[in-house]
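In terms of the working numbering, the sequence shown opens at residue 2 and continues consecutively. A virtual CB, placed ideally from N, CA and C, is assigned to each residue, including glycine. Quick caveat, the model's predicted, so the values are computed rather than measured.
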Amino acid sequence: VFITFTASVDAEAGGLITNVVSASAAFTETDYSDNSFGWETYITPLAAQVSISKTGPSRILPGEEAVYTITLHNLGVLSAEGVLVTDTLPHPLRLFTHTAPYSLSRPSDETLVWDVGILAPGEAVSWTVTITGGLDACGSLTNVITATTNSTDAIPTDNAASWSVEFIPKIVIDAIYYDGYQPSDDDEAFRLWNLSPCEADLSGWCITDGEGSVCFPDGARLSPGEAIWCAKKAQAFAKSFGFLPQWEYGDDTDPNAPQMQGKAPSFANEGDEISLLAPGGSVVDALVYENGDTSILGWSGEAVWPYTVTTVVGQILYRKRDEATGLPVPDTDTVADWAQDRNDPYAGRRVMYPGWSLDEFFFPVQVTETAHLTVAIGPDHLYETVLSHIQAATRSLQIAAYSLKNPSLTFAIAERIQHGVAVTILLDGSPAGGLVTESLWAASVISDAGGTMYFMVESPRRYPNMHSKYILVDERIALLGSENLSTKGMPLDDKANGTYGHRGVYLITDAPSVVQRLGQLFAADADPTRPDITSCSSTPRLCTPPPGFAPSFTDVLTYPVRFPHPLILSGTFYFELAHSPENSIRHNDGLLGLLMQTNPGDTVLVEQLYERLSWSDSRNLRLQAYVDAARAGARVRILLDDCYGRDENAQVVRYLNDLAQKEKLDLEAQLANPMGAGLHNKMVLAHIGGRGYVWAGSINGSEVAFKANREVGFLVQSDEAYEYLAAMFQRDWEAPYGRYFTYLPLTLKGFKMPDYLLISEVFYDAPGDDEGREWVEIYNPTGKTTDVSDYKISDAQESGLYEGMYRFPEGAVIGSGEVIVVAETASGFYELYGHKPDFELSDTDPQIPDMMPYIKWGKGSWRLKNAGDEILLLGPDDSPVDVVVYGEGVYPGVNPYQGALREGESLERYPPIRDTDDCAADFRVACLPSPGCLPGGSKPSGRCSH
């Protein structure tokens, strides 16, 4: 039986209904289960039905852009009017962009509202939203979106949707060390840094070079902000770095360094790739260096190459740091992220080596404190000032210096040890020229008295030069400046009758923050557990002078003291303490930042041992800062040393003066040697905006000094200190060669080029023992080659004296414009300069021709007296061709050179073509002897020594 019925639906009806029909009978049935039946009917309401959904990635990196899609649909039969879509972004999600064709309003930073308006029946629309998560994003976040309408919504339960995203911890490859110090590069390593504010679960995270791959085991964690080293072999790493890595991935060499799992990568020295993979294998970070494959996922553009201001071996490639935060700069997956970036003169072009404390000491000390401030000038009173502070020590002395060669200061330190003062000294174990006898003696005196002597040596060493110069007294007072503890930097003679030494400056303060930072640097650098630190007991040769050695000192009268007393101040001062290699180059503060503030009317006064014209393949940033100050309208005056760095400094002076003339700048530079022993200062004075600043320390003008050495630079704002040192500068500027020397542009009236050979340089006072190490240089200014077979050289002013006269061997010649060097011994000469002379008096090298004794004139031996002597060059007829006299030496018709020389210096004819028989006018002190090289030129053979 079929029954059909028709039902009508109320206009307001909608949704799902169930209609049930049942059958019954008057009789008894055996099975009632099929007596009823129901069916469901969906009644489409006469209304709108708005539905919204949201989809997007499930995992993203902090700071990374993420795109999600919003889909809005009207499933109803009527239009939805007044539709608004509201998206609420939880912190730290931020809107980057969107593609919706609707107007967007933002009641708050977190709330996005799109005014959709009318959505027709069956209409569906979609758009994308791009958001970013801040670097502080971590964990899982849920983003809720809702849709509302002014129309009746048949089913409002689908008017909201959500999207959840998990932030992958922001972990980056911060550094890689691939060309290690240890055999087989067993110390190679990489460094990871968790930049997220939340702890990272490292389980399943991996590092690969495309060949080997190692992963962290379950349970490995990385705390917020923590950085870890992972090394191939922990013990090898510790030999280079001085501490164990947090993880090792090669052989298990130390139980204190847990093992990563997998096949160890081996980072190739000639170039490779390193990729960091999140669990699941997605590339989180990558680096390509040298000749590695730049097409890998996670990298873009050219590879990173080591910077070559110092050695490539041992260099660590590391990320640039932001000056303001100390954190890595934003990651762009390019070479611009890395500190070796050659396109960035400030944060780039850097190096780093094992044992550096870059992050610990990234920020300089910048503080305003109430303190005492003393400004001391060398050579005028620096020795006396430093000595008084050493003698005042009651608990401790900590000294970091390039060298210690002052006998009086050595005795004063030893005396303090006898009174219970704990003394620790850190010196450079291989300074230029090696540890001289005076240094060995000083170290033995301190060590024998009970002090601790440390030396930074090749092992390999952390810094090319341990060049800082500071003293901490009782951990309460800091002395720092330009001078080593030597008799040149701090001459100990009687100042009443004049003195002789370096021009230099020390700043002394008890500012707590300054003292504390220097104490931290000292503790880090003089750490005896570091592989490059040794002691007298570990390396006795560093503290063992020749038997019977006793230091001596001569009272010298060259320079009359102009500043007999230091400037002593107290008050509130602004201090900046910077130090290389961590933070002496900063763009926004420090010395360079200060000079960038100059304006018309300001003044910059510079007194430096040297400034390099350029650094590697780029500009010298400090020299450029002087020029930029002049271009900004400041008055700039620059004094550079005319003793140690004469030739290179002369080039810089010419460059600056030519530039000033070309650009019409108030900029002037000149060479100076006001004390006779060299301008050793590292000082910048600035008067900017009506305030005076003093910058002093140990930092010379080379790129290595700023980026690789251990150096210290100290900036103080003090009008009084500025005025005091500006007066010193002005005196040096007006008398750049002091009382005895004034070198003017060469204008010789009636000058005639000599047509004979000249003695061009004399070296008679070698460092330590003079025996076998003296030499004389002879120059041929004529236009022809000269046969010198019958020429002789002697220190006997007349025939018959028991002094030596030596004749050149047969066939000896000297070409036009050339020089030849006659050494007492070739072996002694080679020990000093690393190359051989042209002739020697005593046969110590079969490759070097020997001079022959000329007994007709004298039968004695060669010995140039330090107090004074004569050097004669005789021609074929035994008549004098040229004579040089110095000190107490006497020769008829020749005026002696009477200026002071220190050991290791030479007398140099300047200019080399002038001969007036007045040695005081014809010669000058060469702080750096140059056998085989004329001033400003080089011998054709290239054997010019500096």
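How would you call residue i, buried or exposed, if buried means at least 16 neighbouring beta carbons within 10 angstroms?
| i | result |
| --- | --- |
| Ile509 | buried |
| Val948 | The displayed coordinates of the chain run from 2 to 947. Any statement about residue 948 would go beyond what the structure contains. |
| Glu167 | exposed |
| Ala393 | exposed |
| Ala24 | exposed |
| Asn710 | buried |
| Pro565 | exposed |
| Tyr43 | exposed |
| Pro893 | exposed |
| Ile177 | buried |
| Phe764 | buried |
| Phe6 | exposed |
| Leu672 | buried |
| Phe554 | exposed |
| Glu772 | exposed |
| Leu120 | buried |
| Gln50 | buried |
| Glu832 | exposed |
| Glu799 | exposed |
| Arg351 | buried |
| Tyr757 | exposed |
Relative to the alpha-carbon of residue i, which residue among the options has its alpha-carbon at the smallest distance?
| i | options | result |
| --- | --- | --- |
| Ile472 | Ser487, Thr500, Leu398, Leu543 | Leu398 |
| Gly434 | Phe730, Phe830, Val605 | Phe830 |
| Ile856 | Ala813, Gly816, Gly805 | Gly805 |
| Glu664 | Phe456, Ala633, Ile119, Ala221 | Ala633 |
| Pro561 | Arg732, Ser483, Thr425 | Arg732 |
| Arg322 | Ala348, Ser224, Ala372, Lys55 | Ala348 |
| Ser301 | Val310, Val313, Leu288, Thr309 | Leu288 |
| Tyr725 | Asp590, Thr375, Tyr179, Ala258 | Thr375 |
| Tyr403 | Thr100, His390, Leu436, Tyr723 | Leu436 |
| Met353 | Phe362, Asp381, Ile317, Thr333 | Ile317 |
| Ile275 | Gly499, Val173, Asp342 | Val173 |
| Ala413 | Leu90, Tyr308, Val78, Ser389 | Ser389 |
| Glu111 | Leu105, Ala101, Leu120, Arg95 | Arg95 |
| Thr535 | Arg655, Pro259, Thr453 | Thr453 |
| Asp618 | Arg192, Thr31, Thr309, Lys240 | Thr309 |
| Ala372 | Ser514, Leu193, Asn160 | Ser514 |
| Thr783 | Val777, Ile760, Val789, Gly818 | Gly818 |
| Thr386 | Tyr455, Ser80, Asp791, Pro567 | Pro567 |
| Pro912 | Cys928, Pro897, Pro936, Glu906 | Pro936 |
Please look up how many angstroms separate the CB atoms of residue i and residue j, rounded, as I've assumed it's under 8 Å.
| i | j | result |
| --- | --- | --- |
| Pro63 | Leu136 | 5 Å |
| Leu908 | Tyr887 | 6 Å |
| Ser445 | Thr545 | 6 Å |
| Cys231 | Phe268 | That pair is no contact at about 12 Å. |
| Pro91 | Asn144 | 6 Å |
| Thr573 | Glu370 | 7 Å |
Which partner residues does residue i have in the DSSP bridge list?
| i | result |
| --- | --- |
| Cys207 | Cys216, Leu278 |
| Ala125 | His74 |
| Lys860 | Gly805 |
| Asn195 | Ile172 |
| Cys231 | Phe191, Trp248 |
| Asp286 | Leu277 |
Does the beta carbon of residue i fall short of 7 Å from some heavy atom of the ligand HEM?
| i | result |
| --- | --- |
| Met261 | The ligand HEM is absent from the structure shown, which contains no ligand whatsoever. |
Can you give the Cα-Cα distance for residue i and residue j, rounded to whole angstroms?
| i | j | result |
| --- | --- | --- |
| Arg222 | Cys199 | 11 Å |
| Leu196 | Arg462 | 31 Å |
| Tyr250 | Ser539 | 33 Å |
| Arg903 | Ala678 | 8 Å |
| Gly293 | Ala279 | 22 Å |
| Ala337 | Gly702 | 26 Å |
| Met754 | Phe924 | 17 Å |
| Thr743 | Pro737 | Residue confidence for Thr743 is low, a pLDDT of 38 falling below 50, so the modelled location carries little weight; the figure read from the coordinates is stated next. Approximately 7 Å, taken between the alpha carbons. |
| Ala26 | Trp40 | 22 Å |
| Ser843 | Lys793 | 15 Å |
| Thr31 | Thr19 | 27 Å |
| Val713 | Leu522 | 10 Å |
| Ser109 | Pro225 | 30 Å |
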